[in-house]
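All remarks here apply to the structure that follows.
4 protein chains.
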Amino acid sequence: MKEVERVKNDLVIANRILAREEVADAYGHVSVRNPDNPRSFFISRSLAPELVTPDDIVELDLEGNPVGSDERPLYLERFIHGSIYEARPDVTAVVHAHAEDVLPFGIANGTPLRPVIHSGSFIGAHVPVWDIADHFGDTNLLVSNVEQARDLAKTLADHNVALMRGHGFAAASRSLIEVVRMSVYLPRNARALLGARLVGGDIKFLSEGEIEARNEKAYGPYSTATWRAWEYWANKCGCGRLVSRSQDKK
Amino acid sequence: MKEVERVKNDLVIANRILAREEVADAYGHVSVRNPDNPRSFFISRSLAPELVTPDDIVELDLEGNPVGSDERPLYLERFIHGSIYEARPDVTAVVHAHAEDVLPFGIANGTPLRPVIHSGSFIGAHVPVWDIADHFGDTNLLVSNVEQARDLAKTLADHNVALMRGHGFAAASRSLIEVVRMSVYLPRNARALLGARLVGGDIKFLSEGEIEARNEKAYGPYSTATWRAWEYWANKCGCGRLVSRSQDKK
Amino acid sequence: MKEVERVKNDLVIANRILAREEVADAYGHVSVRNPDNPRSFFISRSLAPELVTPDDIVELDLEGNPVGSDERPLYLERFIHGSIYEARPDVTAVVHAHAEDVLPFGIANGTPLRPVIHSGSFIGAHVPVWDIADHFGDTNLLVSNVEQARDLAKTLADHNVALMRGHGFAAASRSLIEVVRMSVYLPRNARALLGARLVGGDIKFLSEGEIEARNEKAYGPYSTATWRAWEYWANKCGCGRLVSRSQDKK
Amino acid sequence: MKEVERVKNDLVIANRILAREEVADAYGHVSVRNPDNPRSFFISRSLAPELVTPDDIVELDLEGNPVGSDERPLYLERFIHGSIYEARPDVTAVVHAHAEDVLPFGIANGTPLRPVIHSGSFIGAHVPVWDIADHFGDTNLLVSNVEQARDLAKTLADHNVALMRGHGFAAASRSLIEVVRMSVYLPRNARALLGARLVGGDIKFLSEGEIEARNEKAYGPYSTATWRAWEYWANKCGCGRLVSRSQDKK
Chain W
20 MKEVERVKND
30 LVIANRILAR
40 EEVADAYGHV
50 SVRNPDNPRS
60 FFISRSLAPE
70 LVTPDDIVEL
80 DLEGNPVGSD
90 ERPLYLERFI
100 HGSIYEARPD
110 VTAVVHAHAE
120 DVLPFGIANG
130 TPLRPVIHSG
140 SFIGAHVPVW
150 DIADHFGDTN
160 LLVSNVEQAR
170 DLAKTLADHN
180 VALMRGHGFA
190 AASRSLIEVV
200 RMSVYLPRNA
210 RALLGARLVG
220 GDIKFLSEGE
230 IEARNEKAYG
240 PYSTATWRAW
250 EYWANKCGCG
260 RLVSRSQDKK
Chain L
20 MKEVERVKND
30 LVIANRILAR
40 EEVADAYGHV
50 SVRNPDNPRS
60 FFISRSLAPE
70 LVTPDDIVEL
80 DLEGNPVGSD
90 ERPLYLERFI
100 HGSIYEARPD
110 VTAVVHAHAE
120 DVLPFGIANG
130 TPLRPVIHSG
140 SFIGAHVPVW
150 DIADHFGDTN
160 LLVSNVEQAR
170 DLAKTLADHN
180 VALMRGHGFA
190 AASRSLIEVV
200 RMSVYLPRNA
210 RALLGARLVG
220 GDIKFLSEGE
230 IEARNEKAYG
240 PYSTATWRAW
250 EYWANKCGCG
260 RLVSRSQDKK
Chain D
20 MKEVERVKND
30 LVIANRILAR
40 EEVADAYGHV
50 SVRNPDNPRS
60 FFISRSLAPE
70 LVTPDDIVEL
80 DLEGNPVGSD
90 ERPLYLERFI
100 HGSIYEARPD
110 VTAVVHAHAE
120 DVLPFGIANG
130 TPLRPVIHSG
140 SFIGAHVPVW
150 DIADHFGDTN
160 LLVSNVEQAR
170 DLAKTLADHN
180 VALMRGHGFA
190 AASRSLIEVV
200 RMSVYLPRNA
210 RALLGARLVG
220 GDIKFLSEGE
230 IEARNEKAYG
240 PYSTATWRAW
250 EYWANKCGCG
260 RLVSRSQDKK
Chain C
20 MKEVERVKND
30 LVIANRILAR
40 EEVADAYGHV
50 SVRNPDNPRS
60 FFISRSLAPE
70 LVTPDDIVEL
80 DLEGNPVGSD
90 ERPLYLERFI
100 HGSIYEARPD
110 VTAVVHAHAE
120 DVLPFGIANG
130 TPLRPVIHSG
140 SFIGAHVPVW
150 DIADHFGDTN
160 LLVSNVEQAR
170 DLAKTLADHN
180 VALMRGHGFA
190 AASRSLIEVV
200 RMSVYLPRNA
210 RALLGARLVG
220 GDIKFLSEGE
230 IEARNEKAYG
240 PYSTATWRAW
250 EYWANKCGCG
260 RLVSRSQDKK
């Protein structure tokens, strides 16, 4: 399989995983940068992630315009993806979704969303909250153009995740597998933190040193531990037969 | 397909979606106004929404009496639907249900149920709470006659949703697809708000301007974004093959 | 079908419903009084409710001994059932289970478990909490003999449900369908009350008059509304084909 | 079936149960001591528990090295198992997992995780919390070598469960069936305790006498009550046909 085909195949799996793990529902989307052209990316046409097949993948440029003649309806918020790829050359994959248990941390300010469990470390030591109202006033809360998307990317800065007030989150990573993993563990970390609030007393967050240590070791996209999760989630969402490991990566 | 047939077909899908999304269980019902006669509406006979098929749809007048000779048992609370259609010419579809996570806001008064997430905007800036005990004293809490239903419709007034104390909610919308979407996101908005209470600190609700902006744009029943959800939910509840788009609507 | 056969058939359905609705897991049991002999009752042999078939039903006397020569292992806590039938001639069916969301109210004393939603009315205005330690000291918490079971029945008195501290609940009703319905809505009422705690402020419980009004009307085991739930739950747990309505009851 | 084959067969079932009951996801593992050699144990190769089959079982020595020539990737944290078997001759089976509802108690210190429900008694009167940072500073939180694993085993001491701060738990028991049961009821006990926090007021934990009484009676791995759960969980996760009872144990 050619690399670009493998990437599209993995994007289908990623869509299905995010649906099955309840990160996305009718809404939410995941994209991957074109390995042959860093100025474009692949994403589904406007379709619920659970229903995405290879034929639904479209190629968009960083301003959100289709590359070629595809005229099918697109995600309204596709600008989020382009603007993050533009601002972050290190990023290869982006998720925007509304996973339910993440939402409270974009609404109330009593407890910051920070890593409390080891699998939540990937969100990084600081998760900024972007409020579209700060620069754009009363909107329908959707990131509907490049200007808004660039503002979000500016808040994301060099972090891995930004919460979007009253809306959801945007997550960025160096690989598709990693952005999926982060998107699955982000709500789990949120639930653990909500539970800790109920337990009461002092909350012990991961230290900055621990967060760094986790990024350094053992968790690349093709490591034994990461691959185990990808394979598991793909099977769980009915895509087990589609899983294939890139030939040139270990 | 004739419009009236399409409407009944969509009503079956709506029943199944509400069951699958856990808005309804054995109880709860959804109706749609007859497109050929604004003084009657379609609703299932007394049956759990998950089990509704086209043959179960009956036509009732606004006082809750069957149009024609159907003698099958009816929902006891069918009066809710008729009285809302009577009071609200702008309304085409009504849901009454007991979605679990909405219930606390009809029981305790510490936090009003207002939109905190963008998909919750459709419930509107204010969600009144109707307490049947206020005008009818000790009842079995069910809306069992036209008088009670009209009282509920009066509390609903020109809002989109009314909570019913210790019981559930009534939701009204200009289309079937929209009332289903609102009924699915109402409990999600409630959960996000409960989570925000646990996060602690100040809660940022959607502003009135944001709520208005969302109603103005992009979210009609046949818009790309809304249709995506309808198609997704229909597939999820096993009704994918029944989905058809009205010919005369975009 | 003879009445005794119909009762056993319904008992199988009841077992499956309680499993599917997560009232019971590996543990928990439901019984029904023998319609031909008020001094005995039917219950499954020791088996998880989800797996119960007609062949697993045994007949026990009110002291928990098998009627006839059945030697299969029995539920250790079968005494609960016999002692409630003994103390309460009005009772035809009993459930003992550990539905998870009911447990907190038997552990902490900050909020009494009382009806807050209309479908929770059946638990009655007062739900006593029985603590086995009060009269029996340090035990394994299981109701292992007639003496303990009679003590529980004494606390239950003429109520519909008793919580068992650190353990679960016992529910008693005049029909199998009703005890199943109550057991399904008991945890739902508990969840609504926990949610109301999180909403904060004052909690409005159902009034005594409302609880009475609900018992008087519309909710007998073969009423339209109750039958709708039984039919729905039976279908949901895969027992739709087993549902049959008693010929002599409406 | 030879005892060693039966043990491996049960280990496959145990993996599947832990996955189905959401104790494990892509991560988490269960092992059993080799009945023919107390210095080695069986565990899956690096694979999500839901996917484990008999061919995936490997044999490791107490330092985590494969016995024989197996070269397939192994669980990084396999050292946890070996070190517990080394320190605790009474232990036959070990689980390490990250069941979500247990996590809060390893993060916040406001409420100790102690038994509040009878099925939670098996975790014992005291559940120590091990923080890898105490002796090893900033790590990736994984137990990656024998030294760390022995430190964890030292904190576990003669208890049944140790929480691991920001990570999960390790559970040890005298049989595979018992360690699975404990791992399933550990999160349930945690949820009941979180619920009790929400109920408010005083929380009644199981007394030490009650915990002891439960260990003494009726709950060996082949007792009627325990076997009922094993059989139920095995059926639920699709392994009903694999269940077989050891010939020489009752």
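Quick note, the sequences are listed as chains W, L, D and C, same order. Taking my numbering, the leading residue of the first sequence gets 20, the next gets one more, and so forth. Taking my numbering, the leading residue of the second sequence gets 20, the next gets one more, and so forth. Taking my numbering, the leading residue of the third sequence gets 20, the next gets one more, and so forth. Taking my numbering, the leading residue of the fourth sequence gets 20, the next gets one more, and so forth. Glycine is no exception: its CB is placed at the ideal position from the N, C-alpha and C atoms. This one's a predicted model, so the numbers in the text were calculated from it and none came from an experiment.
Cutoff 7 Å: residue i Cβ touching any chain L Cβ
| i | result |
| --- | --- |
| Asn159 of chain W | yes |
| Cys256 of chain W | no |
Residue interval of the beta strand (DSSP E) (run including residue i)
| i | result |
| --- | --- |
| His115 of chain W | Ala112 to Ala116 |
| Gly228 of chain W | Gly228 of chain W -> not in any beta strand (DSSP E); alpha helix (DSSP H) instead, spanning Glu227 to Glu235. |
| Leu79 of chain C | Ile76 to Asp80 |
| Ile62 of chain C | Ser59 to Ser63 |
Neighbour-count burial assignment, residue i, 16 or more Cβ in a 10 Å radius
| i | result |
| --- | --- |
| Pro17 of chain C | Here chain C comprises residues numbered 20 to 269, so residue 17 of chain C is not present and cannot be evaluated. |
| Gly220 of chain C | exposed |
| Lys255 of chain C | buried |
| Thr72 of chain L | exposed |
| Ser192 of chain W | buried |
| Asn208 of chain L | buried |
| Met183 of chain L | buried |
| Ser88 of chain C | exposed |
| Gly101 of chain D | buried |
| Glu22 of chain C | exposed |
| Arg210 of chain C | buried |
| Gly257 of chain D | exposed |
| Pro240 of chain C | buried |
| Gly139 of chain D | buried |
Interface flag, residue i vs chain C, CB-CB below 7 Å
| i | result |
| --- | --- |
| Pro123 of chain D | yes |
| Arg233 of chain W | yes |
| Tyr251 of chain W | yes |
Per-residue DSSP class, three states only, for residue i
| i | result |
| --- | --- |
| Ser202 of chain L | helix |
| Ala176 of chain D | coil |
| Phe124 of chain L | helix |
| Pro85 of chain D | strand |
| Gly214 of chain L | helix |
| Lys269 of chain D | Residue confidence is low: Lys269 of chain D scores 46 on pLDDT, short of 50, so the model does not pin down where it sits. Its coordinate-derived value is still stated next. It is coil, neither helix nor strand. |
| Val26 of chain C | helix |
| Leu182 of chain W | strand |
| Phe188 of chain W | strand |
| Ile136 of chain C | coil |
| Met20 of chain C | coil |
| Ile222 of chain L | strand |
is_contact[residue i, chain W] using C-beta, thresh 7 Å
| i | result |
| --- | --- |
| Ala191 of chain L | no |
Proximity test, Cβ basis, 7 Å: residue i and chain D
| i | result |
| --- | --- |
| Arg260 of chain C | no |
| Thr243 of chain C | yes |
| Ala340 of chain C | Only positions 20 to 269 of chain C appear in this structure, which leaves residue 340 of chain C out of reach. |
| Arg25 of chain C | no |
| Arg91 of chain C | no |
Opening and closing residue of the alpha helix (DSSP H) in which residue i lies
| i | result |
| --- | --- |
| Arg247 of chain L | Thr243 to Lys255 |
Members of the stretch 169 to 186 of chain C near chain W, C-beta cut-off 8 Å
If the cut-off is 8 Å between Cβ atoms, the stretch 169 to 186 of chain C has Arg184, Gly185 and His186 near chain W.
query = What residues in the stretch 93 to 121 of chain C have a beta carbon less than 9 Å from any beta carbon of chain D?
reply = Contact residues of the stretch 93 to 121 of chain C toward chain D are absent (C-beta to C-beta distance below 9 Å).
- Contact set between the stretch 41 to 57 of chain C and chain W, restricted to residues whose Cβ is under 9 Å from the partner: Cβ contacts with chain W come from Asp44, Ala45 and Tyr46.
Contact list for the stretch 27 to 42 of chain D against chain L, Cβ threshold 7 Å: Within the stretch 27 to 42 of chain D, no residue has its Cβ closer than 7 Å to any Cβ of chain L.
Q) If contact means a Cβ-Cβ distance below 8 Å, which residues of the stretch 127 to 144 of chain C contact chain W? A) So the close ones are Ala127, Asn128, Gly129 and Thr130.
(Q) Can you pull out the residues from the stretch 206 to 236 of chain W whose beta carbon lies closer than 7 Å to at least one beta carbon of chain C? (A) Correct list: Arg207, Arg210, Ala211, Gly214, Ala215, Leu217, Val218, Gly219, Gly220, Asp221, Ile222, Lys223, Leu225, Ser226, Gly228, Glu229, Ala232, Arg233 and Lys236.
Give, in chain order, every residue of the stretch 59 to 79 of chain C whose Cβ lies closer than 8 Å to some Cβ of chain W. Those would be Ser65, Leu66, Ala67, Glu69 and Leu70, in chain order.
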